[in-house]
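To start, the structure under review is shown below, and the notes come after it.
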Amino acid sequence: DGGAPVVLAEATNSVGADWSEDGRIVFADDEGQGLRVVSDQGGTAQNLGAAFPESVAFSWPQWLPGSDRLIAGGLLLDPAEGEATPVVAATNHLVPIPVGYLVEMIGNTLSASRFDGVQGRVTSPLIPVLSGIRGEIYGQGQWDVTPGGTLVYAEGGSLNEGPFAWVDPDGSRTRLDLP
């Protein structure tokens, strides 16, 4: 059953989070205006966002594999140096995977480009990989990539397009005809 939920840190209107290999959880707080990190054991979240200019948005932060650097909102973030370097044109959710790619969703198509994590730069054109991924209202898609490169996703269009339904604990559905 997994046990009871445990509060790790206080967060307000979080816009994404990622768990590092060494047990740190980074999350975008206050609708992407803040960037915080907390131990997977819980405690007081540390503010990483103070190192960056106020104009930086931190939506959907992701750790670079094996690094203390992050990607969030199309930027490569280096908290130790306070540097925010553009990696790609504006996008909501980029996922760097250890096999050397940067994966992103545009519309409801998942695309990938080669990515040099050491240099922090894209090294190939963006290539469509898979269409028909379910998208959320704010641009986040229902997909993720494991550290080994396995893609997991939900099929579908935008949440703005699909029918709404009540789902009972027994799994039965009742469609809601909303405008």
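Under our numbering, the first residue of the sequence shown is numbered 847, with each subsequent residue one higher. Just so you know, even glycine gets a beta-carbon here, dropped at the ideal spot from N, CA and C. Quantities reported herein were computed from a predicted structural model and do not represent experimental measurements.
One or two residues paired with residue i in a DSSP bridge
i, result
"residue 905", "According to DSSP, residue 905 bridges with nothing at all."
"residue 921", "918 and 932"
"residue 988", "Note: residue 988 sits in no beta bridge, so no partner."
"residue 974", "957"
"residue 942", "948"
"residue 968", "961"
"residue 892", "883"
"residue 872", "864 and 883"
"residue 857", "Residue 857 is not bridged to any residue."
"residue 1020", "1012"
"residue 877", "According to DSSP, residue 877 bridges with nothing at all."
"residue 912", "Note: residue 912 sits in no beta bridge, so no partner."
6 Å CB neighbourhood of residue i in its chain, flanking five on each side removed
i, result
"residue 987", "951, 979 and 981"
"residue 1019", "1011 and 1013"
"residue 941", "908, 949 and 991"
"residue 993", "944"
"residue 976", "956"
"residue 995", "943 and 945"
Same chain, Cβ closer than 7 Å to residue i, five either side skipped, listed in chain order
i, result
"residue 860", "873, 874 and 875"
"residue 921", "902, 930, 931, 932 and 933"
"residue 877", "859 and 861"
Beta-carbon contacts of residue i that lie in its chain and below 8 Å, excluding the five residues immediately before and after
i, result
"residue 884", "854, 855, 870, 871, 873, 890, 891 and 892"
"residue 852", "888"
"residue 866", "872 and 909"
"residue 1000", "979, 980, 988 and 989"
"residue 998", "989, 990, 991 and 992"
"residue 880", "874, 893, 895 and 904"
Inter-residue spacing [alpha-carbon to alpha-carbon] between residue i and residue j
i, j, result
"residue 1021", "residue 1014", "11 Å"
"residue 966", "residue 850", "39 Å"
"residue 886", "residue 953", "33 Å"
"residue 905", "residue 858", "13 Å"
"residue 916", "residue 946", "15 Å"
"residue 862", "residue 972", "23 Å"
"residue 1016", "residue 848", "20 Å"
"residue 958", "residue 974", "7 Å"
"residue 918", "residue 1023", "37 Å"
"residue 970", "residue 864", "25 Å"
"residue 968", "residue 923", "15 Å"
"residue 1003", "residue 912", "34 Å"
"residue 914", "residue 882", "13 Å"
"residue 939", "residue 961", "15 Å"
beta-carbon residue i near the ligand MG non-hydrogen atom, thresh 7 Å
i, result
"residue 901", "No copy of the ligand MG occurs in the structure displayed, which carries no ligand at all."
Any C-beta of chain D under 8 Å from that of residue i
i, result
"residue 996", "The question asks about chain D, but that chain is absent: this structure has only one protein chain."
Do three or more CB pairs link the stretch 884-904 to the stretch 917-935 at distances below 8 Å?
-> Judged by Cβ distances under 8 Å, the stretch 884-904 makes contact with the stretch 917-935, as three or more pairs qualify.
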